[in-house]
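Working notes, structure below.
There are 2 protein chains.
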Amino acid sequence: MKGQVQKGIQDYYADDFSYCYGCGRLNAKGHHFKTNWDGDRTVTIYQPEPEHTAIPGFVYGGVIASLIDCHGTGSAALALHRKNGHEPGDGTEPPRFVTASLNVNFLKPTPQDVPLKAVGTVEEIHPKKWKVHTEVYANDTLCATGEVVAVVMPENFVKKD
Amino acid sequence: MKGQVQKGIQDYYADDFSYCYGCGRLNAKGHHFKTNWDGDRTVTIYQPEPEHTAIPGFVYGGVIASLIDCHGTGSAALALHRKNGHEPGDGTEPPRFVTASLNVNFLKPTPQDVPLKAVGTVEEIHPKKWKVHTEVYANDTLCATGEVVAVVMPENFVKKD
Numbered sequence: 292m293k294g295q296v297q298k299g300i301q302d303y304y305a306d307d308f309s310y311c312y313g314c315g316r317l318n319a320k321g322h323h324f325k326t327n328w329d330g331d332r333t334v335t336i337y338q339p340e341p342e343h344t345a346i347p348g349f350v351y352g353g354v355i356a357s358l359i360d361c362h363g364t365g366s367a368a369l370a371l372h373r374k375n376g377h378e379p380g381d382g383t384e385p386p387r388f389v390t391a392s393l394n395v396n397f398l399k400p401t402p403q404d405v406p407l408k409a410v411g412t413v414e415e416i417h418p419k420k421w422k423v424h425t426e427v428y429a430n431d432t433l434c435a436t437g438e439v440v441a442v443v444m445p446e447n448f449v450k451k452d
Numbered sequence: 292m293k294g295q296v297q298k299g300i301q302d303y304y305a306d307d308f309s310y311c312y313g314c315g316r317l318n319a320k321g322h323h324f325k326t327n328w329d330g331d332r333t334v335t336i337y338q339p340e341p342e343h344t345a346i347p348g349f350v351y352g353g354v355i356a357s358l359i360d361c362h363g364t365g366s367a368a369l370a371l372h373r374k375n376g377h378e379p380g381d382g383t384e385p386p387r388f389v390t391a392s393l394n395v396n397f398l399k400p401t402p403q404d405v406p407l408k409a410v411g412t413v414e415e416i417h418p419k420k421w422k423v424h425t426e427v428y429a430n431d432t433l434c435a436t437g438e439v440v441a442v443v444m445p446e447n448f449v450k451k452d
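Chains as they are written, first to last, in the working numbering: chain A, 292 to 452; chain B, 292 to 452.
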């Protein structure tokens, strides 16, 4: 549980896709979630800031949802990248996913003062659509579960209205 | 779409429950979502900050999820308060809900530079458990839908581990 994910798939996204408030390395005010492999599962570790509270002492659900969201898109990117024969940092730009749907079940109040660990299992449901099942732990306590359906970002994404 | 919700149910939560990063009036760094009635529906209007981006020009999904989350608990509080014969500001402290589950479907990229309007329909599924169906609009475009199951905060909430 200790420590952090030093480098994540998010460190290798193209600059234009690196301003995400959740996981963009170029967003000065964001959370900077970083997701990488841990065996055949994916992991993101995050220490909420003091202001990320629901009621004092417990983490705000919207931050947990954000963690599950970016952990989901990052996990999908890792999985498709590996399927394509690549690993983070090998010089090939990874694919970038967007979130189609996000479901979160809040199981227990989540304590504020410990790092949260999101652990993901990735399932391919279509070559461009992946489902990521995530468990969020505070210490060894499972506090939330989530599911993200992530879709490869359409090339015309930024031109949609 | 213009303007804001001047006063929300969140302005009348007890002080101890007013530090939520999403909707707490006493959280100096939070979003300060405010939810109130608009006829028999509920509404929260929120202008994302410049840093709340997914990719430049579009709103981060985690902030949309946060909006749907607090709009959901706020809407449930409004509905139970009304069922109990009260309206915000009548001197009676409203009930406080927590989120059991949060589901979001992202339908379209959400533009960054306009206020978002969450519109909710509240359904009682148990005296202490309410479901809130929410649509999030940017101008007149439906960008996301969501569903929150909100539960009256247990009295021992803060003592759970």
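We put the CB at the ideal spot given by N, CA and C, even for glycine.
Any C-beta of chain A under 7 Å from that of Asp-431 of chain B: With 7 Å as the cut-off, Asp-431 of chain B does not count as an interface residue toward chain A.
Closer than 7 Å to chain B by CB, Val-395 of chain A: Closer than 7 Å: yes.
Own chain residues within Cβ distance below 7 Å of Tyr-337 of chain B, not counting five before or after: Counting only Cβ-Cβ distances below 7 Å, and skipping sequence neighbours, we find His-322, Phe-324, Leu-358, Pro-406 and Leu-407.
Proximity test, Cβ basis, 7 Å: Phe-324 of chain A and chain B: Interface residue (Cβ-Cβ distance to chain B less than 7 Å): Phe-324 of chain A is not classified as such.
Length of the line joining the Cα atoms of Val-354 of chain B and Gly-353 of chain A: The straight-line gap separating the alpha-carbon atoms of Val-354 of chain B and Gly-353 of chain A is approximately 7 Å.
Environment of Lys-298 of chain A [buried if 16+ CB atoms lie within 10 Å]: Lys-298 of chain A comes out exposed.
Contact with chain A by Lys-419 of chain B, beta-carbon distance below 7 Å: So no, Lys-419 of chain B is outside the interface.
Helix, strand or coil at Met-292 of chain B [DSSP, three-state]: Only weak support exists for where Met-292 of chain B lies, its pLDDT of 40 falling under 50; the value from the coordinates is given anyway. Assignment of Met-292 of chain B by DSSP, reduced to helix, strand and coil, places it in the coil class.
Contacts around Thr-425 of chain B, its chain only, beta-carbon distance under 6 Å, and the 5 residues preceding and following it disregarded: Closer than 6 Å at the Cβ level, and outside the excluded window around Thr-425 of chain B, lie Ile-359, His-362, Ala-409, Gly-411 and Gly-437.
Whether Thr-333 of chain A touches Leu-371 of chain A by CB criterion (7 Å): Not closer than 7 Å, so no.
Rounded straight-line distance, which links the Cα of Trp-328 of chain A to that of Trp-421 of chain A: When rounded, the distance between both Cα atoms is 16 Å.
Ranges of the beta strand (DSSP E) found wholly within the segment 322–384 of chain B, counting only runs of at least 3: Annotation note: the segment 322–384 of chain B contains the following uninterrupted beta strand (DSSP E) runs of length 3 or greater, listed N- to C-terminal: 326–329 and 332–337.
Spatial neighbours of His-343 of chain B in its chain, beta-carbon cut-off 8 Å, leaving aside the 5 residues before and after: For His-343 of chain B, same chain residues with a beta-carbon under 8 Å away, outside a window of 5 residues either side, are Val-350, Tyr-351, Val-354 and Gln-403 in chain order.
Cβ of Tyr-428 of chain B within 7 Å of any chain A Cβ: Chain A places no beta carbon closer than 7 Å to that of Tyr-428 of chain B, leaving this residue out of the contacts.
Pairwise C-alpha distance: Glu-340 of chain A and His-377 of chain B: The straight-line gap from Cα to Cα measures roughly 36 Å.
Cβ-Cβ separation, Val-389 of chain A to Ala-356 of chain A (assumed contact under 8 Å), whole Å: Contact doesn't hold; Cβ gap of about 16 Å is too wide.
DSSP-derived helix/strand/coil call for Tyr-428 of chain B: Three-state result, Tyr-428 of chain B: strand.
Residue interval of the beta strand (DSSP E) (run including Gly-411 of chain B): Where Gly-411 of chain B is concerned, the enclosing beta strand (DSSP E) stretches over 407–417.
Through-space distance from Glu-414 of chain A to Pro-400 of chain A, alpha-carbon basis: Those two C-alpha atoms are separated by around 28 Å.
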